[in-house]
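Structure record follows, encoded as structure tokens.
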Amino acid sequence: MTATAQTSQFKVRIADTTLKFRSYTIDDPKPLGRQLIEAVGGHPVEEHVAFAILPNGDFEDIRLDEGFDLRGRGVEKVLVARSDRSFRLKVDDADVEWPHACISGFVLRKLAKLAENYSLWQERPGQHDRKIENDDIINLDEPGVERFISLIDQTTEGDALPSADQGFLSEHGYAYEVIVEGGQTGIVLKGLLLPEGKFNHETADILILLPSGYPDCPPDMFYAYPKLTLGETGQDPKACTVQHNFGGRRWQRWSRHNRNWRPGRDGLRTMIARVQTALTEARA
Numbered sequence: 001m002t003a004t005a006q007t008s009q010f011k012v013r014i015a016d017t018t019l020k021f022r023s024y025t026i027d028d029p030k031p032l033g034r035q036l037i038e039a040v041g042g043h044p045v046e047e048h049v050a051f052a053i054l055p056n057g058d059f060e061d062i063r064l065d066e067g068f069d070l071r072g073r074g075v076e077k078v079l080v081a082r083s084d085r086s087f088r089l090k091v092d093d094a095d096v097e098w099p100h101a102c103i104s105g106f107v108l109r110k111l112a113k114l115a116e117n118y119s120l121w122q123e124r125p126g127q128h129d130r131k132i133e134n135d136d137i138i139n140l141d142e143p144g145v146e147r148f149i150s151l152i153d154q155t156t157e158g159d160a161l162p163s164a165d166q167g168f169l170s171e172h173g174y175a176y177e178v179i180v181e182g183g184q185t186g187i188v189l190k191g192l193l194l195p196e197g198k199f200n201h202e203t204a205d206i207l208i209l210l211p212s213g214y215p216d217c218p219p220d221m222f223y224a225y226p227k228l229t230l231g232e233t234g235q236d237p238k239a240c241t242v243q244h245n246f247g248g249r250r251w252q253r254w255s256r257h258n259r260n261w262r263p264g265r266d267g268l269r270t271m272i273a274r275v276q277t278a279l280t281e282a283r284a
């Protein structure tokens, strides 16, 4: 009888929103979600949710009346959280909403659509920023847990942009190409529509060269291909007479210097706005 009782017991580690895991022994090999919630004192049960935390940090919902099989799953952690409101946070410039007080690094990365070669960091004013691993659990109910930033771990050709820039270009429908040449990264905006009737072409490719240290350091000038002249006079726009070779093409340099850059806030969104302003205001 004793041996039978011992083999019918199953261990599971459960945490509430304090993220402190405790070990529990359950006789039922397939406890319901409500049983797991009740084990940590979650009342009323209907206002709580239970998640299985998979080894890679992903979450798996356990419904209140759904049995959760503890046998041979390789899952030993369950998180119980109150679900009476949603939580808003930022990853770079993207707003993210999550319906529970706790979230794993893995889930947060998925919601923010981060590329694999980007790491996620939690901003902590007055302290060192904290790198978030996939299996880290973050309590969003704590004061100040609301902003995260992504940083590239390794730069590869074709994927050398911060995720915020990638998201901006994608959301606004820009066709672009990343070119790495001689250790320098260039972003080519393809077929950018020019101000109507302003130049000898209706569209042009625009090259933006990213300096070492971007996005903390600002891009300076930009470059156009093919060469643009003013439509009414055929003259070169002011400060646009120098040419620059990059990516197998000879670009027209637009000498427009950038002296007002806000690290942590500005990026390609800002630079493209400067490009569009310069094109609109161009004169001989």
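Letter 180 of the sequence shown, counting from 1, is numbered 180 in the UniProt record's numbering, and no numbers are missing. Glycine residues also receive a C-beta, built at the ideal position from the N, C-alpha and C atoms.
Give me whichever residues DSSP pairs with residue i in a beta bridge.
{"i": "serine 119", "result": "Leu151"}
{"i": "serine 104", "result": "Ile137"}
{"i": "glycine 67", "result": "Leu32"}
{"i": "lysine 227", "result": "According to DSSP, which records beta bridges pairwise, lysine 227 is partnered with nothing at all."}
{"i": "tyrosine 174", "result": "DSSP output for tyrosine 174 lists no bridge partner at all."}
{"i": "lysine 77", "result": "Arg13 and Ile53"}
{"i": "arginine 82", "result": "His48"}
With DSSP run on the structure shown, which of helix, strand or coil describes residue i?
{"i": "glutamate 60", "result": "strand"}
{"i": "phenylalanine 168", "result": "helix"}
{"i": "lysine 190", "result": "strand"}
{"i": "histidine 128", "result": "coil"}
{"i": "arginine 259", "result": "coil"}
{"i": "lysine 20", "result": "coil"}
{"i": "glutamate 47", "result": "helix"}
{"i": "valine 242", "result": "coil"}
{"i": "valine 91", "result": "strand"}
{"i": "threonine 203", "result": "strand"}
{"i": "valine 40", "result": "coil"}
{"i": "lysine 11", "result": "strand"}
{"i": "residue 297", "result": "Nothing about residue 297 can be read from this structure; the chain reaches only from 1 to 284."}
{"i": "glutamine 184", "result": "strand"}
{"i": "threonine 233", "result": "coil"}
With a cut-off of 8 Å on the beta carbons, I'd call residue i and residue j a contact; round off their distance for me.
{"i": "glycine 186", "j": "isoleucine 206", "result": "At roughly 10 Å, the Cβ-Cβ gap does not stay under 8 Å, so glycine 186 and isoleucine 206 are not in contact."}
{"i": "arginine 256", "j": "phenylalanine 222", "result": "7 Å"}
{"i": "glutamate 97", "j": "arginine 88", "result": "5 Å"}
{"i": "serine 83", "j": "histidine 48", "result": "6 Å"}
As a quick exercise: from the options, pick the residue whose alpha carbon is nearest that of residue i.
{"i": "asparagine 139", "options": "Ala101, Pro211, Thr241 and Leu89", "result": "Ala101"}
{"i": "lysine 30", "options": "Val12, Glu47, Gln235 and Lys20", "result": "Val12"}
{"i": "glycine 183", "options": "Leu89, Glu171, Leu210 and Pro195", "result": "Leu210"}
{"i": "valine 80", "options": "Glu60, Ala39, Leu192 and Asp16", "result": "Asp16"}
{"i": "asparagine 258", "options": "Leu114, Val275, Gly247 and Ser23", "result": "Val275"}
{"i": "alanine 282", "options": "Arg253, Arg63, Ala112 and Lys238", "result": "Lys238"}
{"i": "glutamine 252", "options": "Met271, Lys227, Asp266 and Gln235", "result": "Lys227"}
{"i": "lysine 198", "options": "Val188, Leu230 and Phe106", "result": "Leu230"}
{"i": "glycine 33", "options": "Phe59, Ala164, Asp27 and Val78", "result": "Val78"}
{"i": "threonine 25", "options": "Leu36, Ala115 and Gln9", "result": "Gln9"}
{"i": "valine 180", "options": "Tyr225, Leu120 and Phe246", "result": "Phe246"}
{"i": "glutamine 35", "options": "Phe59, Asp58, Asp69 and Arg109", "result": "Asp69"}
{"i": "glutamate 146", "options": "Glu47, Arg130, Gln122 and Val45", "result": "Gln122"}
{"i": "serine 150", "options": "Gly105, Asp28 and Arg82", "result": "Gly105"}
{"i": "glutamate 232", "options": "Ser212, Ala284 and Leu114", "result": "Ala284"}
{"i": "histidine 172", "options": "Ala204, Asn134 and Ala273", "result": "Ala273"}
{"i": "proline 143", "options": "Asn134, Pro125 and Glu133", "result": "Pro125"}
Run the CB neighbour count on residue i, radius 10 Å, all protein chains shown included, and call it buried at 16 or more, exposed below.
{"i": "serine 240", "result": "The sequence shown places cysteine at residue 240, not serine. Buried, because 16 or more other Cβ atoms sit within 10 Å of the Cβ of cysteine 240."}
{"i": "arginine 71", "result": "exposed"}
{"i": "aspartate 216", "result": "exposed"}
{"i": "proline 162", "result": "buried"}
{"i": "glycine 42", "result": "buried"}
{"i": "leucine 279", "result": "buried"}
{"i": "aspartate 165", "result": "buried"}
{"i": "aspartate 92", "result": "buried"}
{"i": "proline 99", "result": "exposed"}
{"i": "arginine 109", "result": "buried"}
{"i": "serine 170", "result": "exposed"}
{"i": "valine 188", "result": "buried"}
{"i": "glycine 191", "result": "exposed"}
{"i": "valine 40", "result": "buried"}
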